[in-house]
Amino acid sequence: MNSFYITTPIYYVNDKPHIGHAYTTIACDILARYHNLKNNNVYFLTGTDEHGQKVEKASIENSSDPQSFTDRMSGNFKELVSFLNCNINDFIRTTEIRHKKAAQALWKKLFDNNQIYLGNYKGWYSVRDEAFFSENELIKKDNKFYAPSGAEVEWLKEESYFFKLSEWQDKLLEYYITNPSAIAPITRYNEVLSFIKSGLKDLSISRTTFKWGVPVPNNDKHIMYVWIDALTNYLTALGYPNIENELFITHWPAVHIVGKDILRFHAIYWPAFLMGANLEPPKKIYAHGWWTNSGEKISKSLGNVIDPYQIVKTYGLDQIRYFLFSEVPFGNDGDFSHNSVIKRVNADLSNNFGNLVQRVCSFINKNCDSIVDNRINIENVEDKGLLDLSVVKFDKYKSYLDNQEIDKAIKEVVELITKANVYCDKLAPWLLKNKNEIIRMNEVLSMLIEIIRRASLMLFPVIPDSVKKIFFILNINENKINFDYFNQLPKLSVKINISSPIFPRIENKT
Ligand code: ME8
Numbered sequence: 015m016n017s018f019y020i021t022t023p024i025y026y027v028n029d030k031p032h033i034g035h036a037y038t039t040i041a042c043d044i045l046a047r048y049h050n051l052k053n054n055n056v057y058f059l060t061g062t063d064e065h066g067q068k069v070e071k072a073s074i075e076n077s078s079d080p081q082s083f084t085d086r087m088s089g090n091f092k093e094l095v096s097f098l099n100c101n102i103n104d105f106i107r108t109t110e111i112r113h114k115k116a117a118q119a120l121w122k123k124l125f126d127n128n129q130i131y132l133g134n135y136k137g138w139y140s141v142r143d144e145a146f147f148s149e150n151e152l153i154k155k156d157n158k159f160y161a162p163s164g165a166e167v168e169w170l171k172e173e174s175y176f177f178k179l180s181e182w183q184d185k186l187l188e189y190y191i192t193n194p195s196a197i198a199p200i201t202r203y204n205e206v207l208s209f210i211k212s213g214l215k216d217l218s219i220s221r222t223t224f225k226w227g228v229p230v231p232n233n234d235k236h237i238m239y240v241w242i243d244a245l246t247n248y249l250t251a252l253g254y255p256n257i258e259n260e261l262f263i264t265h266w267p268a269v270h271i272v273g274k275d276i277l278r279f280h281a282i283y284w285p286a287f288l289m290g291a292n293l294e295p296p297k298k299i300y301a302h303g304w305w306t307n308s309g310e311k312i313s314k315s316l317g318n319v320i321d322p323y324q325i326v327k328t329y330g331l332d333q334i335r336y337f338l339f340s341e342v343p344f345g346n347d348g349d350f351s352h353n354s355v356i357k358r359v360n361a362d363l364s365n366n367f368g369n370l371v372q373r374v375c376s377f378i379n380k381n382c383d384s385i386v387d388n389r390i391n392i393e394n395v396e397d398k399g400l401l402d403l404s405v406v407k408f409d410k411y412k413s414y415l416d417n418q419e420i421d422k423a424i425k426e427v428v429e430l431i432t433k434a435n436v437y438c439d440k441l442a443p444w445l446l447k448n449k450n451e452i453i454r455m456n457e458v459l460s461m462l463i464e465i466i467r468r469a470s471l472m473l474f475p476v477i478p479d480s481v482k483k484i485f486f487i488l489n490i491n492e493n494k495i496n497f498d499y500f501n502q503l504p505k506l507s508v509k510i511n512i513s514s515p516i517f518p519r520i521e522n523k524t
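This is how it looks when you write it as structure tokens:
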């Protein structure tokens with residue numbers, strides 16, 4: 015059995031969850047569900063990143079101590095996961111004891127492997143970005159300096175531990191040149207490669223200026239600085255430092271889905287930490303794009319943050335899951351607007367897929383006493399053509415999803431559904447009924463039911479609740495939602511249940 019370990023970034027708890035968090039979590043859920051349909055041994059991890067100066071500051075602003083603040087905020091993220099119908103295997107919090115132990119064990123291992131030394135750090139630091147910036151990256155305004163993100167920076171000099179990242183430049187280059195699929199999409203791969211080629215400096219990995227973090231082993235004046243603490247979560251969840259345990263042996267290394275803004279940390283620091291600790295680097299890092307709101311960058315100060323609860327309440331969960339992953343290529347930036355949701359959902363789900371299910375099933379309900387006499391006729395060129403197309407589409411769909419190309423996989427299914435609608439228009443079972451060609455009518459209906467079943471199976475990772483409803487209408491047990499059954503034609507005579515529209519059209523009230 016193949017194993018598939020998929021992770022979201024762990025989310026900062028200094029604010030409430032927004033569409034960006036929902037987006038990455040649903041992406042991982044789609045991929046996890048897809049691998050489950052293939053009977054792979056899936057482990058899906060998400061969680062919260064709870065240490066650092068930003069969280070310490072946010073807790074003070076909320077008149078709370080950091081621990082109660084993070085307990086409360088982390089709960090919001092956990093709640094969002096189940097609200098979005100994401101089937102996780104574990105939810106990790108970096109304030110958990112298991113994580114502190116893992117982070118300290120990784121540190122010790124790196125220290126023992128001569129990868130860490132004590133030095134001094136001087137530089138321009140942005141609290142908001144939790145990063146240092148060189149002078150030429152800064153923007154000067156009114157005698158103050160700002161990071162490229164717009165956050166103000168301050169001059170900092172402090173004792174710090176360093177990771178010998180500079181020594182990893184050649185090894186990382188060699189690793190990525192021999193493993194070009196380890197970073198996707200390809201534009202991101204090229205970006206990382208040219209960053210490595212431009213030269214890597216040693217990395218400051220501890221702080222003495224705040225307390226809210228994991229203490230450095232044997233020197234608790236120092237707190238681990240964000241990335242070495244945060245990234246280790248992916249190991250903690252598999253039981254690190256016990257690398258002999260079953261979960262670790264079967265599941266490491268992981269596929270990490272991250273936003274483009276944190277690619278560098280995952281594609282450069284993380285593999286270097288791992289190799290420095292004699293562990294395998296990630297199997298793959300896939301960087302997705304960012305959502306804007308009606309063309310504008312999303313930010314709290316602009317007041318245009320998209321609340322995942324709100325949009326799901328307005329349009330429905332599967333509708334939003336579908337929209338987010340069909341509207342833009344996974345990896346590109348996307349623009350969210352009410353109009354584009356309505357257009358996409360109405361076109362693909364209501365008018366295409368929903369229409370196919372509804373017209374076929376309600377015809378059978380009304381005209382055939384809900385019974386289809388199953389007679390798929392592969393002697394008929396038209397019928398065979400459609401059935402063969404479903405197999406071609408399934409193969410393409412799988413090869414896309416094996417590479418996390420969710421939008422392309424969806425497109426293949428949509429094309430199959432469109433073809434099934436054309437077939438239905440052309441073969442017109444209602445006319446066959448009028449002409450009393452009952453055998454041919456049953457052949458056509460059987461074919462349509464079969465294509466609906468196959469398309470539903472493929473769309474299950476994206477719109478799981480709706481597919482369960484369709485399987486109920488088709489009277490097929492939910493345990494048949496598995497790719498083992500893709501080619502299996504239904505039993506001889508099928509009595510379906512009464513259908514009602516799965517994707518009602520959304521009226522554009524504005
Ligand atoms: O970065 N569109 O956490 P985070 C799409 N704790 N994605 C977006 C987005 C948007 N408008 N805004 C944010 C962190 N994101 C660290 C990760 S992992 C070891 C540590 C994405 O809560 C962003 O790209 O700030 C990132 O992948 C994710 O939300 C979490 O961001």
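Residue numbering for the sequence shown follows my numbering, beginning at 15 and increasing consecutively. We treat Cβ as the ideally placed atom computed from N, Cα and C, and that holds for glycine. Everything numeric in this text was worked out from a predicted model, so none of it was measured.
Would you say residue i touches ligand 1, meaning its beta carbon is less than 7 Å from a heavy atom?
{"i": "Thr38", "result": "yes"}
{"i": "Asn127", "result": "no"}
{"i": "Ala161", "result": "no"}
{"i": "His113", "result": "no"}
{"i": "Ile24", "result": "yes"}
{"i": "Val272", "result": "yes"}
{"i": "Gly61", "result": "no"}
{"i": "Leu45", "result": "no"}
{"i": "Ile219", "result": "no"}
{"i": "Leu245", "result": "yes"}
{"i": "Asp387", "result": "no"}
{"i": "Gly164", "result": "no"}
{"i": "Ile33", "result": "yes"}
{"i": "Asp275", "result": "yes"}
{"i": "Trp305", "result": "yes"}
{"i": "Ile312", "result": "yes"}
Run through the DSSP bridge pairs and tell me what residue i is partnered with.
{"i": "Trp266", "result": "Beta-bridge pairing links Trp266 to no other residue."}
{"i": "His302", "result": "Gly273"}
{"i": "Lys158", "result": "Lys155"}
{"i": "Ser17", "result": "Asn55"}
{"i": "Ser137", "result": "Residue 137 is actually Gly in this sequence, not Ser. The partner list for Gly137 (beta bridge, DSSP) reads Leu170."}
{"i": "Ala145", "result": "Ser140"}
{"i": "Tyr25", "result": "Thr62"}
{"i": "Pro132", "result": "For the sequence presented, residue 132 should be read as Leu rather than Pro. Answer by DSSP bridge pairing, in chain order: Tyr175."}
{"i": "Glu310", "result": "Asn307"}
{"i": "Ser413", "result": "DSSP lists no partner for Ser413."}
{"i": "Val326", "result": "Paired residues: none, contrary to the question."}
{"i": "Val508", "result": "Val386"}
Residues in its own chain within less than 6 Å of residue i by CB, not counting five upstream and five downstream?
{"i": "Phe279", "result": "Trp241"}
{"i": "Phe18", "result": "His49, Asn54 and Val56"}
{"i": "Ile153", "result": "Tyr160"}
{"i": "Ala41", "result": "Ile271"}
Between which residues of its own chain and residue i is the CB-CB distance below 8 Å, once the five residues before and five after are set aside?
{"i": "Glu310", "result": "Leu316 and Asn318"}
{"i": "Phe127", "result": "Correcting the residue type first, residue 127 is Asn in the shown sequence and not Phe. So the qualifying residues of the chain are Gly290, Ala291 and Asn292."}
{"i": "Met461", "result": "Ile390, Asn391, Asp397, Leu400, Leu401 and Tyr437"}
{"i": "Ser163", "result": "Ser140, Arg142 and Asp143"}
{"i": "Ala434", "result": "Leu370, Leu400, Leu462, Ile465, Ile466 and Ala469"}
{"i": "Tyr411", "result": "Ala423, Glu426, Val427 and Met472"}
For residue i, which residues in the same chain have their Cβ closer than 7 Å to its Cβ, ignoring the five residues on either side in sequence?
{"i": "Leu252", "result": "Leu261, Phe262, His265 and Trp266"}
{"i": "Ser404", "result": "Leu430, Ile465 and Arg468"}
{"i": "Met455", "result": "Pro443, Leu446 and Lys447"}
{"i": "Val476", "result": "Ile44, Arg335, Tyr336, Phe339 and Ile424"}
{"i": "Leu473", "result": "Val427 and Val481"}
{"i": "Gly61", "result": "Ile24, Phe105, Ile106, Arg107 and Asn247"}
Is any beta-carbon of chain B found at less than 8 Å from that of residue i?
{"i": "Phe209", "result": "Checking the listed chains, one finds no chain B in this structure; it contains a single protein chain."}
Taking only runs that begin and end inside the segment 31 to 78, name each unbroken alpha helix (DSSP H) of 4 or more residues, in chain order. Complete alpha helix (DSSP H) runs here, min 4: 33 to 51 and 67 to 75.
Give, in chain order, every unbroken run of the beta strand (DSSP E) that is at least 3 residues long and sits entirely within the segment 162 to 247. Taking only runs of at least 3 residues, the beta strand (DSSP E) segments lying wholly in the segment 162 to 247 are 168 to 177 and 233 to 238.
What runs of the alpha helix (DSSP H), each 4 residues or longer, lie entirely inside the segment 79 to 130? Runs of the alpha helix (DSSP H) inside the segment 79 to 130: 80 to 97 and 111 to 126.
Along the chain, which unbroken stretches of the beta strand (DSSP E) at least 3 residues long are found entirely within the segment 332 to 399? Here the runs fully enclosed are 348 to 350 and 385 to 387.
Ranges of the alpha helix (DSSP H) found wholly within the segment 425 to 483, counting only runs of at least 4: DSSP runs (the alpha helix (DSSP H)) wholly in the segment 425 to 483: 443 to 448 and 452 to 473.
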